[in-house]
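**Q** Taken in order, the sequence shown gives residues -5 to 267; the numbers are from my numbering. I'd like to ask some things about the structure below.
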Amino acid sequence: MINKFLLSGFLLGGLFINAQTINETYAKTKKDGKIGINTDIPTRTLTIKNSDDNAGRPPLRLVNTPKYDANVGGAMDADLGGNRQSNNSYFDYRPLVVDNVGDVYRGFPITNNTSFITLTVKNVSGDYIQEFDTGIDYDKYTVTLMSYAFKLPSVAGKMTMLVSQVSAPSKEKGGKYYSRVAPPTVKLEGTSGGNWKLSADYDNMNVESFAFNDATGPTEKVNGTWIITLLIAPKEVVNYIEIEQDLRGSNRGAVSGEASTKLNRLLNQISQY
């Protein structure tokens, strides 16, 4: 992926963009329709080369630039080919990004890069979901599991609860129901060419209902609801690495060696803004 910087960071933070390596002999034959400032060999429609006197400072400054929301509620120079919309929102604006030779591109809307999705899956088999297809393309998006909750169903005239299955600790003691509930196993996984999939389950547990004041009577298996919140972002705007550390049987440790090198490389990369 091209290493890009937000133009706002370039303007305000004084980032130094490396000069282009130009084949001047060839570039001289491609100057038609191009304008150069501080250069006789423009390589784009407008090329601005920083001067020696301005070294270390941004070569471009915008003065009295209106805020993005100044155009909300009225078209801006529509008769001159400008914005024809009568109402704008922040999502209508895109930042400019600059690659490592200074070329400027239109970027993604900042607030559209990441989103939260709350997924409610009703009437599952008891408490069990197996590889539920989220419809989110694994190759295009990075997805993170943020939170989850399991909701017991409401059954008229009955009480519902998670109870242990056969071969697990008994669900009855002294004629009263009880259950030992361990944290559920919730997994989010995917493979190239497919979608992200969810699995969730309380191991060795069932969701059952029984009549009030009748702890020894028959029970009925019922179905519950999972409520799962996901964080989603395009993969091209998310850096991803895998690091591995061997604790050699200890319960304490720290990232070190090759893992530390990989981690610091990533941290340095995402700090270049």
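All C-beta atoms in this analysis are idealised placements derived from N, C-alpha and C, irrespective of residue type, glycine included.
#1: Please list, in chain order, all residues of the same chain as Gly187 whose beta carbon is under 8 Å from its beta carbon, the five residues on each side excluded.
#2: Taking only the alpha-carbon atoms, compute the straight-line gap between Ala248 and Ile237 and give it to the nearest angstrom.
#3: Which term fits Thr41, buried or exposed, when burial requires 16 or more other beta carbons within 10 angstroms of its beta carbon?
#4: Confirm, please, whether the CB-CB distance from Glu183 to Lys191 is below 8 Å.
#5: Anyone know if the C-beta pair for Gly218 and Gly151 falls short of 8 Å?
#6: With burial defined as no fewer than 16 other Cβ atoms inside 10 Å of the residue's Cβ, what is the status of Val216: buried or exposed?
#7: For Arg88, report the span of its beta strand (DSSP E) as first-last.
#8: Do Thr37 and Ser141 have their beta-carbon atoms positioned less than 8 Å apart in this structure?
#9: So, with DSSP's three-state summary, where would you put Leu241?
#10: Could you give the DSSP three-state label for Glu125: helix, strand or coil?
#11: Excluding the 5 residues preceding and the 5 following Asn32 in the sequence, name in chain order all residues of the same chain whose CB lies nearer than 6 Å to its CB.
#12: Pull up the distance between the alpha-carbon of Ala143 and that of Arg100, whole angstroms please.
#13: Is Tyr196 closer than 8 Å to Leu156 when the C-beta atoms are compared?
#14: Can you tell me whether Ala194 is helix, strand or coil according to DSSP?
#15: Where Ala227 and Thr136 are concerned, what is the direct C-alpha to C-alpha distance, given to the nearest angstrom?
#16: Nearest to Thr179 by CA position, among Leu139, Thr185 and Thr128, is which residue?
#17: Rounding to the nearest angstrom, what Cα-Cα distance links Leu90 and Ile111 in this structure?
#18: Starting from Leu261, trace the beta strand (DSSP E) in both directions and tell me its first and last residue.
#19: What residue from Ile35, Leu54 and Ser148 has the CA that sits closest to Val98's CA?
#20: Taking the alpha helix (DSSP H) that Ala21 falls in, what are its first and last residues?
#21: Identify the continuous beta strand (DSSP E) that holds Ile111 and give its terminal residues.
#22: The beta strand (DSSP E) spanning Arg246 covers which residue range?
#23: Here's the rule: buried if 16 or more other CB atoms are within 10 angstroms of the residue's CB, otherwise exposed. What is Phe204?
#24: From what residue to what residue does the beta strand (DSSP E) around Ile31 run?
#25: Using beta-carbon positions only, say whether Ile130 and Ala194 come within less than 8 Å of one another.
#26: If you compare alpha carbons, which of Thr19, Phe206 and Pro60 is closest to Val149?
#27: Which of the three DSSP states, helix, strand or coil, is assigned to Asp34?
#28: Within a Cβ cutoff of 6 Å, which residues of the same chain sit near Glu268, ignoring the five residues on either side of it in sequence?
#29: Give the DSSP-derived three-state secondary structure of Glu214 in the structure shown.
**A** With the structure as the only source:
#1: Tyr132 and Asp133
#2: 12 Å
#3: buried
#4: yes
#5: no
#6: buried
#7: Premise fails: Arg88 is in no beta strand (DSSP E) and is neither H nor E.
#8: no
#9: coil
#10: strand
#11: Lys43 and Ser45
#12: 40 Å
#13: yes
#14: strand
#15: 5 Å
#16: Leu139
#17: 27 Å
#18: No beta strand (DSSP E) contains Leu261, which is instead part of the alpha helix (DSSP H) from Gly251 to Ile264.
#19: Leu54
#20: Glu18 to Ala21
#21: Ser109 to Val115
#22: Unbroken run through Arg246: none, as it is neither H nor E.
#23: buried
#24: Ile29 to Ile31
#25: no
#26: Phe206
#27: coil
#28: There is simply no residue 268 to check, as the chain begins at -5 and stops at 267 in what is shown.
#29: strand
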